[in-house]
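Contents: one structure, followed by commentary.
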Amino acid sequence: MDIASGLLHGFAVALQPMNLLWCFVGVLLGTIVGVMPGLGPPATIAMLLPLTFLMNPASAIIMLAGIYYGAKYGGSTTSILLNVPGESASVATCFDGYQMARKGRAGAALGIAAIASFIAGTVGVIGIMLIAPPLARVALAFSSPEYFALMALGLAMVVLLAGRSMVKALLAMLVGLWLAGIGTDLFSQTSRFTFGQMELLSGVDFVVVAIGVFAVGEVLANMEGREAAKALPVPKGLRNLLPTRQDLKDSRFAFANGSLVGFFIGVLPGAGSTIASFISYGLEKAVSRRPEEFGKGVVEGVAAPEAANNAETGGALIPMLTLGIPGSSTTAVLLAALVLWGFKPGPLFIPEQPALFWGLVASMYIGNVMLLVLNMPLVPLFAQVLRTPAYVLYPLIIGISLVGVYSTSGSLFDVWLLAGFGLLGYVMRKLDYPSAPLILGLVLGGALERALRQSLMMSDGSISILVSRPVSAVMLSLALLILLIPVFGKLNRWRLQALEK
Amino acid sequence: MKSLGADFWSGLALGGLGAYIVVTASRWEYLGADGPGPGFFPLWYGIAMAGLSLALMISSVRTPGVRIDWTGSARAFATWAALAVAVALLKVAGFLLCFGALTFFIAAVMYRRPVLIAALVAVAAAAAFYLVFPLALGVKLP
Numbered sequence: 052m053d054i055a056s057g058l059l060h061g062f063a064v065a066l067q068p069m070n071l072l073w074c075f076v077g078v079l080l081g082t083i084v085g086v087m088p089g090l091g092p093p094a095t096i097a098m099l100l101p102l103t104f105l106m107n108p109a110s111a112i113i114m115l116a117g118i119y120y121g122a123k124y125g126g127s128t129t130s131i132l133l134n135v136p137g138e139s140a141s142v143a144t145c146f147d148g149y150q151m152a153r154k155g156r157a158g159a160a161l162g163i164a165a166i167a168s169f170i171a172g173t174v175g176v177i178g179i180m181l182i183a184p185p186l187a188r189v190a191l192a193f194s195s196p197e198y199f200a201l202m203a204l205g206l207a208m209v210v211l212l213a214g215r216s217m218v219k220a221l222l223a224m225l226v227g228l229w230l231a232g233i234g235t236d237l238f239s240q241t242s243r244f245t246f247g248q249m250e251l252l253s254g255v256d257f258v259v260v261a262i263g264v265f266a267v268g269e270v271l272a273n274m275e276g277r278e279a280a281k282a283l284p285v286p287k288g289l290r291n292l293l294p295t296r297q298d299l300k301d302s303r304f305a306f307a308n309g310s311l312v313g314f315f316i317g318v319l320p321g322a323g324s325t326i327a328s329f330i331s332y333g334l335e336k337a338v339s340r341r342p343e344e345f346g347k348g349v350v351e352g353v354a355a356p357e358a359a360n361n362a363e364t365g366g367a368l369i370p371m372l373t374l375g376i377p378g379s380s381t382t383a384v385l386l387a388a389l390v391l392w393g394f395k396p397g398p399l400f401i402p403e404q405p406a407l408f409w410g411l412v413a414s415m416y417i418g419n420v421m422l423l424v425l426n427m428p429l430v431p432l433f434a435q436v437l438r439t440p441a442y443v444l445y446p447l448i449i450g451i452s453l454v455g456v457y458s459t460s461g462s463l464f465d466v467w468l469l470a471g472f473g474l475l476g477y478v479m480r481k482l483d484y485p486s487a488p489l490i491l492g493l494v495l496g497g498a499l500e501r502a503l504r505q506s507l508m509m510s511d512g513s514i515s516i517l518v519s520r521p522v523s524a525v526m527l528s529l530a531l532l533i534l535l536i537p538v539f540g541k542l543n544r545w546r547l548q549a550l551e552k
Numbered sequence: 033m034k035s036l037g038a039d040f041w042s043g044l045a046l047g048g049l050g051a052y053i054v055v056t057a058s059r060w061e062y063l064g065a066d067g068p069g070p071g072f073f074p075l076w077y078g079i080a081m082a083g084l085s086l087a088l089m090i091s092s093v094r095t096p097g098v099r100i101d102w103t104g105s106a107r108a109f110a111t112w113a114a115l116a117v118a119v120a121l122l123k124v125a126g127f128l129l130c131f132g133a134l135t136f137f138i139a140a141v142m143y144r145r146p147v148l149i150a151a152l153v154a155v156a157a158a159a160a161f162y163l164v165f166p167l168a169l170g171v172k173l174p
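In order, the protein sequence lines correspond to chains G and A. The first sequence begins at 52 in the numbering used here and counts up one residue at a time. The second sequence begins at 33 in the numbering used here and counts up one residue at a time.
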């Protein structure tokens, strides 16, 4: 199926009334989640995942993806009005967005954020449409050694950029691999690490770990403080939310810079939207004629990071859909969702599930238009979400987590595991262990072990198969180089500086 | 004597996990006639975990890392303890009662809301869950 006919087919799927409704629900929920500091898209998607088992998979993936990119729109609202990022991708928006709001230009900042998000979100979708199908065709030539090397490279990238300490990031990833290994080994039927518990024979459910670490862990982390910050007022009326012609002129390069930087960083595993938004902000400042004004409330300082974090979504979906390799926590949860519904993301996903792939792509065009329409006039309404008291919000998140986990397995044992993983998520935050490598280790662990064992079966136990094939040799060398970065002082200082910024 | 930091203790715990993985995996087949056995992969990540944990412990002794701010952690741990009690009582008291009590605890104790408001929030939250999940969506509560 060529791109044009694929897209037409996709619009036929996405424009079905039920799918339009779920797309709307997804982007609306995403915006609300983005507005709320302390509740991110991976937690929300993980919490809602069990409920999607009752839905048609096309509607479900359209809704979950809507939450993913919708949250990027919503995150800017909190950054601009509260100087607190609604989610990590919106940190860079705080610098100039909040300063604009303090100068009485909150409306223009919110407006330019919405327009930048729309333009870049659309560029991201065009990118998926153009790059995903050819990439999937290339990946069709991959065998087990290449898959093993690709997953190792993806994990190495995530470890590189996940936190200040690569040792801690590696340890978190290894814990994820161990969790993935719990249960019955499908090659030999040996039960591994089950501690004599019948419930563990089928393994640890990904949903339990994801909801525990992200949702419950986030609630516990937010429980530390009692006071909430005060938001600046949102100007009333659509006219006050529209940026001026000069604002749009000043942001022209920022739209293009953010869209391209965001998209290409999104394709790289591990980099994510936070890094994309910072790089785009830095680039914008570097080429600006008024770099000294950055941080004091310039409109392009809002447009560039907002464009980058929205374009990143499109880029991040490409390796997840075409290679079956997620590059971030949210795409890991989306990958797990597809697997739980019975699909196999990878090179055959597009030819085998054209309705799902093209339906998702088309729904993202529609979702971006919905978000622009929703975010321009309804920002004052979304800002009211910030008034939800913590003592109402946090019990609701815990309650939805408990019901979500129980509804997937009907097992109280899983509810206990949820509480345990919630505590683990909180302790990891406190001790500065990143959660993304743990989740990615868990998602990829089974496939990584399978690919390694199949490779060694192909070569009668000789490990040389991994380095004798050119593609896997290059990818494994890159992975090794990445993991050796801390050994090279200058490179490690660059990495730490990038993370600090 | 200088007190050991959180990195040391977390490294020790993970080192223990790594050692457990290595010992357990070494009892399973490593390489068989059909290729790698169930012990192959766990043995290697267990060794890596033990080695990295040791590196973390040594580096934490040599250069103490950033001090962790434990202020506010008591509130987080108290909330988790309340969650654990609620989960333990699920079988006996049912979801609605346990969830209502947990909500009441968070509102009244953790956020110091007046008892009446906390009770209202708890009852409203439990009622909302009942209406949305079993009644509207047909989802079974724990």
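Ideal placement from N, C-alpha and C gives every residue a C-beta, glycine not left out. Predicted model, so just to flag it, every value in this text is computed and none were measured.
Name the residue from G:Leu389, G:Asp298, G:Asp256 whose alpha carbon lies nearest to the alpha carbon of G:Ser462. G:Asp256
Cross-chain neighbours of A:Gly104 in chain G, by beta carbon under 7 Å: Glu275, Gly276
Three-way DSSP call (helix, strand, coil) for G:Arg243 in this model: strand
Nearest chain G C-beta to A:Pro166 closer than 7 Å, yes or no? no
Close-in-space but distant-in-sequence residues of the same chain around G:Thr241 (CB under 8 Å, 5 per side omitted): Thr235
Run down chain G in chain order and give the residues with a C-beta less than 8 Å from the C-beta of A:Ala151. Under the 8 Å cutoff, chain G gives no residues; its nearest Cβ is about 12 Å from A:Ala151.
Where does G:Thr128 fall in DSSP's three states? helix
Alpha carbons only, please: which of G:Phe315, G:Arg153, G:Ile96, G:Val142 is nearest the one belonging to G:Ala183? G:Phe315
Any C-beta of chain A sitting closer than 7 Å to the C-beta of G:Gly232? yes
Under DSSP, the alpha helix (DSSP H) around G:Asn360 begins and ends at which residues? 351 to 373
Could you say which of G:Glu335, G:Ala160, G:Met202 lies nearest to G:Ala383 if we only look at CA atoms? G:Met202
Report yes if the C-beta distance between G:Gly81 and G:Gly117 is below 7 Å; otherwise report no. yes
Could you tell me which chain A residues have their CB closer than 7 Å to the CB of G:Pro560, listed as they occur along the chain? In the structure as shown, chain G begins at 52 and stops at 552. Residue 560 of chain G is therefore absent and cannot be evaluated.
Of the listed residues G:Ile113, G:Gly77, G:Lys219, nearest to A:Leu88 (C-alpha basis): G:Lys219
is_contact[A:Leu129, chain G] using C-beta, thresh 7 Å: no
May I ask you to list, following chain order, the residues of the segment 471 to 485 of chain G that have a beta carbon less than 7 Å from some beta carbon of chain A? Gly473, Leu474, Tyr477, Lys481, Leu482
Through-space distance from G:Leu447 to G:Leu532, alpha-carbon basis: 45 Å
Under 8 Å, CB to CB, which of the residues in the segment 449 to 466 of chain G have a partner in chain A? Ile449, Gly450, Leu453, Val454, Tyr457, Ser458, Gly461, Leu463, Val466
Every unbroken alpha helix (DSSP H) within the segment 434 to 485 of chain G, with a cutoff of 4 residues, ordered by chain: 441 to 460, 463 to 481
Looking at A:Ala82: is its Cβ nearer than 7 Å to the Cβ of A:Gly47? yes
Counterpart residues of A:Gly64 in DSSP-defined beta bridges: A:Gly67
Taking the alpha helix (DSSP H) that A:Thr95 belongs to, which residues open and close that run? Element bounds for A:Thr95: n/a, residue is neither H nor E.
State yes or no: is the C-beta of G:Gly309 within less than 7 Å of the C-beta of G:Ser324? no
Report the neighbours of G:Gly512 on chain A: residues whose CB is nearer than 9 Å to its CB, in chain order. Leu63, Gly67, Pro68
Thinking C-beta only, is G:Ala362 closer than 7 Å to G:Leu174? First, the amino acid is wrong: residue 174 of chain G is Val here, not Leu. Yes; because the gap between Cβ atoms is below 7 Å, this pair is in contact.
Between the segment 493 to 512 of chain G and chain A, which residues of the former have CB atoms less than 7 Å from a CB of the latter, in chain order? Glu500, Leu503, Arg504, Leu507, Met508, Gly512
In angstroms, rounded to a whole number, what distance separates the CA positions of A:Val54 and A:Gly78? 5 Å
Who are the neighbours of A:Thr56 on chain G, taking C-beta pairs under 9 Å? Arg243, Phe244
Tell me the DSSP secondary structure of A:Thr56 in three-state form. helix
Look at the Cβ atom of A:Arg75, then the Cβ atom of A:Ala51, and state whether they are nearer than 7 Å. In the sequence as presented, Arg is not what sits at residue 75 of chain A; that position holds Leu. Not closer than 7 Å, so no.
Of all the CB atoms in chain G, is at least one closer than 7 Å to the CB of A:Val119? yes
If we call anything under 7 Å between Cβ atoms a contact, is A:Leu86 one with A:Ala114? no
Please determine whether the Cβ atom of G:Phe394 lies at a distance below 6 Å from any heavy atom of the ligand GDP. As far as ligands go, the structure on display features none, and thus does not contain the ligand GDP.
Looking at the C-beta of G:Ser239, does it have a partner C-beta in chain A at a distance below 7 Å? yes
Three-state secondary structure (DSSP) of A:Met33: Residue confidence for A:Met33 is low, a pLDDT of 46 falling below 50, so the modelled location carries little weight; the figure read from the coordinates is stated next. Three-state DSSP puts A:Met33 in coil, outside helix and strand.
Alpha helix (DSSP H) segment containing G:Leu529, residue limits: 521 to 534
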